[in-house]
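To keep things clear, I will list the structure first and then write my remarks on it.
Residue numbers (UniProt numbering): 1 to 213.
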């Protein structure tokens, strides 16, 4: 899972994956394909940045490491896709998307970075947001977050569209066609087919409503 997605379903922090009393952990694999052999190496540090190495070369961009190895995870936690809350389903879908479209890792990282910065801005200026200058700055953060959020939403929707017919086919095979599986992506704003501007506008309006409230 870590070599395939550079993420763990158990924790978001690298230091939690390093054995106690150790400063780093290392995971290596050799992948044999018809096109040749690829070697993958991941070093996690208790303090400091991780290192990703492909075929003996340290990579500056983690995105270049993604997509080399694909993995399928089987876990009792998979039941949370049905029984759990939306956060678990989003995490599962994001993990899938990172393998299908490595660029998505950058898109998701950018979204979370803007979200953290906007939240920090709101916390810092909670009692002064009524001023014109701060309202103007908040409007800039809102537009950036709505733009990044739209990219995330549309890629998640596209992934579900690809996944749904495959899952429906396999479910019919398992159930003997006695059941019909339907998978639908329902974000917190209406989805407009082929209209990213409308999705972005809906996100922007929702952000503004929350700020006013």
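Think of the CB as a built atom: it goes at the ideal place given N, C-alpha and C, for glycine as much as any other residue.
- Item | CA-to-CA distance, residue 55 to residue 155, given in whole angstroms | 30 Å
- Item | Given residue 101 as reference, the closest of 67, 13 and 179 once Cα atoms are compared | 67
- Taking the CB atoms as reference points, tell me whether residue 146 and residue 200 lie closer together than 7 Å. yes
- Take the Cβ of residue 77 as the centre, count every other Cβ of all protein chains shown within 10 Å, and call the residue buried at 16 or more, exposed below. exposed
- Query: Who are the Cβ neighbours of residue 26 in its own chain at under 6 Å, not counting the five residues just before and after it?
  - Reply: 43
- Query: What whole-angstrom Cβ distance do residue 99 and residue 53 have, given they're in contact under 8 Å?
  - Reply: Going by Cβ atoms, the distance from residue 99 to residue 53 rounds to 19 Å, so no, they are not a contact pair.
- Message: Please list the terminal residues of the continuous beta strand (DSSP E) segment that includes residue 27.
- Response: 24-33
- Item | Close-in-space but distant-in-sequence residues of the same chain around residue 104 (CB under 7 Å, 5 per side omitted) | 97, 98 and 155
- Message: So residue 11 and residue 95 are supposed to be a Cβ contact under 8 Å. How far apart are they, rounded?
- Response: At roughly 14 Å, the Cβ-Cβ gap does not stay under 8 Å, so residue 11 and residue 95 are not in contact.
- Residue environment, residue 58, which counts as buried when at least 16 other CB atoms sit within 10 Å: exposed
- Query: Does the separation of the CB atoms of residue 189 and residue 207 fall below 7 Å?
  - Reply: no
- Query: In terms of DSSP beta bridges, what is residue 45 paired with?
  - Reply: 24
- Whose C-alpha, out of 168, 148, 138 and 81, is nearest the C-alpha of residue 210? 138
- Task: With distances taken Cα to Cα, identify the nearest neighbour of residue 47 among 41, 16 and 149.
- Result: 16
- What does DSSP give as the partner residues of residue 36 in its beta bridges? 33
- Message: Quick check: the Cα distance between residue 81 and residue 88, rounded to an integer number of angstroms?
- Response: 6 Å
- Close beta carbons around residue 198, own chain, < 7 Å, minus the five adjacent residues each side: 192
- May I have a chain-ordered list of the alpha helix (DSSP H) segments no shorter than 4 residues that lie completely inside the stretch 152-198? none
- Query: Under a three-way DSSP split, which group does residue 119 fall into?
  - Reply: helix
- Item | residue 51, DSSP secondary structure in three states | strand
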